[in-house]
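The numbering of the sequence shown is my numbering, which starts it at 741 and goes up by one.
C-beta: ideal position from N, C-alpha, C; glycine also.
Model, not experiment: these values are computed from the prediction.
The next block holds one structure in the form of C-alpha coordinates; read it before the comments.
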Amino acid sequence: MSGEIAFEYNFKDGEYHGKRYEWKKDGSLLRESNYKNGYEKGFQKIWWADGRIKSNYVIKNNRRYGLLGIKNCVNVSDSIFIN
(Lines of atoms letter the chains of each structure in order from A; the text may use other names.)
(Lines give C-alpha, C1' and ligand atoms only; values in the text may rest on other atoms or scores of the structure.)
Protein backbone atom coordinates (compact mmCIF):
# COMPACT_ATOMS: atom_id res chain seq x y z
CA MET A 741 0.00 0.00 0.00
CA SER A 742 1.22 3.46 -0.81
CA GLY A 743 -0.64 5.16 2.03
CA GLU A 744 -3.06 6.99 -0.24
CA ILE A 745 -6.77 7.04 0.54
CA ALA A 746 -8.69 4.34 -1.34
CA PHE A 747 -12.13 4.93 0.19
CA GLU A 748 -13.96 7.74 1.93
CA TYR A 749 -17.33 6.89 3.45
CA ASN A 750 -19.62 8.68 5.87
CA PHE A 751 -21.89 6.83 8.26
CA LYS A 752 -24.94 7.67 10.34
CA ASP A 753 -26.29 5.09 12.79
CA GLY A 754 -24.13 2.41 11.15
CA GLU A 755 -25.45 3.09 7.61
CA TYR A 756 -23.87 4.89 4.64
CA HIS A 757 -24.97 8.52 4.75
CA GLY A 758 -23.73 11.41 2.62
CA LYS A 759 -20.90 11.27 0.08
CA ARG A 760 -19.06 8.05 -0.66
CA TYR A 761 -15.88 8.00 -2.78
CA GLU A 762 -13.67 5.19 -4.09
CA TRP A 763 -10.34 5.75 -5.86
CA LYS A 764 -8.23 3.46 -8.05
CA LYS A 765 -4.59 2.68 -7.19
CA ASP A 766 -3.45 5.37 -9.64
CA GLY A 767 -5.41 7.98 -7.65
CA SER A 768 -8.17 8.54 -10.18
CA LEU A 769 -11.78 8.43 -9.04
CA LEU A 770 -13.59 5.12 -9.53
CA ARG A 771 -16.93 5.88 -7.88
CA GLU A 772 -18.78 8.87 -6.44
CA SER A 773 -22.04 8.09 -4.66
CA ASN A 774 -24.59 9.76 -2.44
CA TYR A 775 -26.42 7.93 0.32
CA LYS A 776 -29.16 8.69 2.80
CA ASN A 777 -29.75 6.33 5.71
CA GLY A 778 -28.07 3.41 3.90
CA TYR A 779 -29.73 3.87 0.50
CA GLU A 780 -28.41 5.44 -2.71
CA LYS A 781 -30.01 8.86 -3.18
CA GLY A 782 -29.39 11.56 -5.76
CA PHE A 783 -26.54 11.56 -8.28
CA GLN A 784 -24.21 8.55 -8.72
CA LYS A 785 -21.17 8.15 -11.01
CA ILE A 786 -18.91 5.19 -11.79
CA TRP A 787 -15.91 5.23 -14.15
CA TRP A 788 -14.29 2.47 -16.24
CA ALA A 789 -10.58 1.77 -15.61
CA ASP A 790 -9.67 3.86 -18.67
CA GLY A 791 -11.47 6.94 -17.28
CA ARG A 792 -14.63 6.76 -19.38
CA ILE A 793 -17.95 7.08 -17.56
CA LYS A 794 -19.49 3.66 -16.91
CA SER A 795 -22.61 4.81 -15.05
CA ASN A 796 -24.08 8.24 -14.52
CA TYR A 797 -27.52 8.21 -13.00
CA VAL A 798 -29.79 9.75 -10.41
CA ILE A 799 -31.92 7.98 -7.83
CA LYS A 800 -35.34 9.59 -7.56
CA ASN A 801 -38.29 8.02 -5.76
CA ASN A 802 -36.19 4.84 -5.35
CA ARG A 803 -35.69 4.49 -9.13
CA ARG A 804 -32.58 4.89 -11.28
CA TYR A 805 -32.65 7.31 -14.21
CA GLY A 806 -29.73 7.85 -16.58
CA LEU A 807 -26.86 5.77 -17.95
CA LEU A 808 -26.19 2.42 -16.33
CA GLY A 809 -23.32 0.42 -17.81
CA ILE A 810 -23.67 0.58 -21.57
CA LYS A 811 -27.45 1.02 -21.61
CA ASN A 812 -29.66 4.01 -21.00
CA CYS A 813 -32.12 3.27 -18.24
CA VAL A 814 -35.41 4.77 -17.29
CA ASN A 815 -35.91 2.43 -14.36
CA VAL A 816 -34.13 -0.56 -12.95
CA SER A 817 -36.34 -3.20 -11.36
CA ASP A 818 -38.03 -1.91 -8.23
CA SER A 819 -37.08 -5.18 -6.53
CA ILE A 820 -33.55 -3.81 -6.10
CA PHE A 821 -34.78 -1.10 -3.74
CA ILE A 822 -36.12 -2.34 -0.45
CA ASN A 823 -37.33 0.25 2.04
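Exposed or buried, what is E780 when buried is set at 16 or more other beta-carbons lying within 10 Å of its beta-carbon?
With 16 or more Cβ atoms within 10 Å of its Cβ, E780 is classed as buried.
In whole angstroms, what separates the C-alpha of G778 from that of K794?
One Cα belongs to G778, the other to K794, and the distance between them is close to 23 Å.
Using DSSP bridges, identify the partner residues of E772.
For E772, DSSP records a beta bridge to Y761, K785.
Would you give the residue range spanned by the beta strand (DSSP E) that R792 belongs to?
Per DSSP, R792 belongs to no beta strand (DSSP E) and is neither H nor E.
Buried or exposed: which applies to D818, given that a residue is buried once 16 or more other Cβ atoms fall within 10 Å of its Cβ?
Because D818 carries a pLDDT of 48, less than 50, the predicted location of this residue cannot be relied on, and the following value inherits that uncertainty. The residue is exposed, with fewer than 16 neighbouring Cβ atoms inside 10 Å.
Taking Cβ to Cβ, would you say K759 is nearer than 8 Å to N774?
In contact: K759 and N774 (Cβ atoms closer than 8 Å).
So the beta strand (DSSP E) N802 belongs to, where does it begin and stop?
That residue, N802, is in no beta strand (DSSP E); it is neither H nor E in DSSP.
Quick one: is I745 buried, meaning 16 or more other Cβ sit within 10 Å of its Cβ, or exposed?
Result: exposed.
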